[in-house]
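Colleague: One structure coming up, written as structure tokens, with questions to follow.
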Amino acid sequence: MTLSVDHLYHLDRHLLGGGETSRAMALWVPSQRVSVHVIDAPTAPQRKWIELIPWILEDRILQPVDEMHFVLGASSLVEGKKQLTVTVISKQDMREWLRIADNGGAAATAMVPDYLALPFESGRISMAWREGQFLVRTATDSGFSAPPDLAWLMVRRVMARDDIAPRLSISLPDETLIPEDLREIADINAAEIDWQFAPIPLSANLLTAEFQPESAELSSSSWLSSAALLVLALVLGFGYLQLSNMHLEESIAELEAQASAGFSNVFLGQRAKPQDIRSSGEQLLADMFKQRESLQTPIMRALSGLDSAMNSCGCDLDSLVANDSAVTLALRNVARGKAQATTLPGFKVDRKVADGVTTLTLRKVSQR
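Mind the numbering: the sequence shown is residues 1243 to 1610 in our numbering, read in order.
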């Protein structure tokens, strides 16, 4: 339901449904049916006030207290005494207002006397015309509704009892309705009350005790339902995270297996743990670059060049001595005519035979 505000007697201006489709509304109600009383706060514990106050006001309201609805308002300290504001309404009026709201398709969440829709400013009395009645607001939580003659009389009394007369602000369409003596000291305008946008003081809500809205009574169950949904959402979220973590772990394991297999394919015969693949690969590549540089040296090229000669001579290698300038090989069982035509670019080949050992010496020839 969406919450909105308007006057009880303006519900016919809204397109409202009924029953389950009722719109939650805070409603202004006619102040002429409401009386406000200021009494000395009872000396009994505050929890017993609501039981005592109807009997304290019995002589003022002149109606059976069982037929009246009492709403405790704000308390204040006046000349050292604690005073309490009490709003009194007939239960019959409360039921009638609730019936009107229900017939109009509104679910009343609050009902506030309509004189509180007038703006309040300290030291100023606000008055506004509404359908033959004056709404009057004299203080933060005080005011009344009355026909013109009675309203002017009550306003004069309020002004007379203060040491400094409050200013007067009057909103009505015809200023001739204002007595001449008040017209001269009043700020007059033709503004109308905007019931939908006037700030509604929910602290003055008349829907208390037996008239408390059902939605407020069900608020605890609604809160429990919301809490249960929140817990369910947390459980489902946690379960989703667990499943996501499982899928992520499976994906990581699969990628680690692929990385290990790829490492073994690139570096034949080498294995590395997944977390060590990068460091092991970098080390192996560094070693391979060093090997490549070593194979490019003149002596290693010479040894590589002897490979074909050694394969064709059918001899045995007795010893090999290599340094930066020469390579010396001692061979046994060299067949006749073999290893004589050995030539290598950039090297001079010397051949000696002694005691059945053929010695080949390859010396690097300087290039000019």
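C-beta: ideal position from N, C-alpha, C; glycine also.
1. With a cut-off of 8 Å, do at least 3 Cβ pairs link the stretch 1268 to 1287 to the stretch 1344 to 1355?
2. Kindly confirm or deny that the stretch 1355 to 1364 and the stretch 1394 to 1404 touch, where touching means at least three C-beta pairs closer than 8 Å.
3. Report buried or exposed for Gln-1484, applying the criterion of at least 16 other Cβ atoms within 10 angstroms of its Cβ.
4. Between which two residues does the alpha helix (DSSP H) carrying Ser-1536 extend?
5. Straight-line CA distance for Val-1276 to Pro-1284?
6. What number of angstroms, rounded off, separates the C-alpha of Asp-1597 from the C-alpha of Val-1569?
7. Counting only the same chain and skipping the five closest in sequence on each side, list residues whose C-beta sits under 8 Å from that of Ile-1442.
8. To the nearest angstrom, how far is the alpha carbon of Ala-1451 from that of Val-1477?
9. Secondary structure at Asn-1345, three-state DSSP: helix, strand or coil?
10. Could one say the Cβ of Leu-1573 lies closer than 8 Å to chain B's Cβ atoms, at least one of them?
11. For the alpha helix (DSSP H) that contains Val-1397, what are its first and last residues?
12. Would you list the one or two residues that DSSP bridges to Pro-1355?
13. Which residues does DSSP list as the beta-bridge partners of Asp-1558?
14. Mapping DSSP to helix, strand and coil, what is Gln-1375?
15. I want to know whether the stretch 1386 to 1394 touches the stretch 1304 to 1311 - three or more CB-CB distances under 8 Å.
Modeller: A quick look at the data gives this:
1. yes
2. no
3. exposed
4. 1519 to 1537
5. 22 Å
6. 20 Å
7. Val-1247, Ala-1268, Trp-1270, Ala-1352, Val-1354, Leu-1358, Ala-1359
8. 39 Å
9. helix
10. Reference to chain B is not applicable here, since this structure consists of a single protein chain.
11. 1390 to 1403
12. Val-1271
13. Arg-1574
14. strand
15. no
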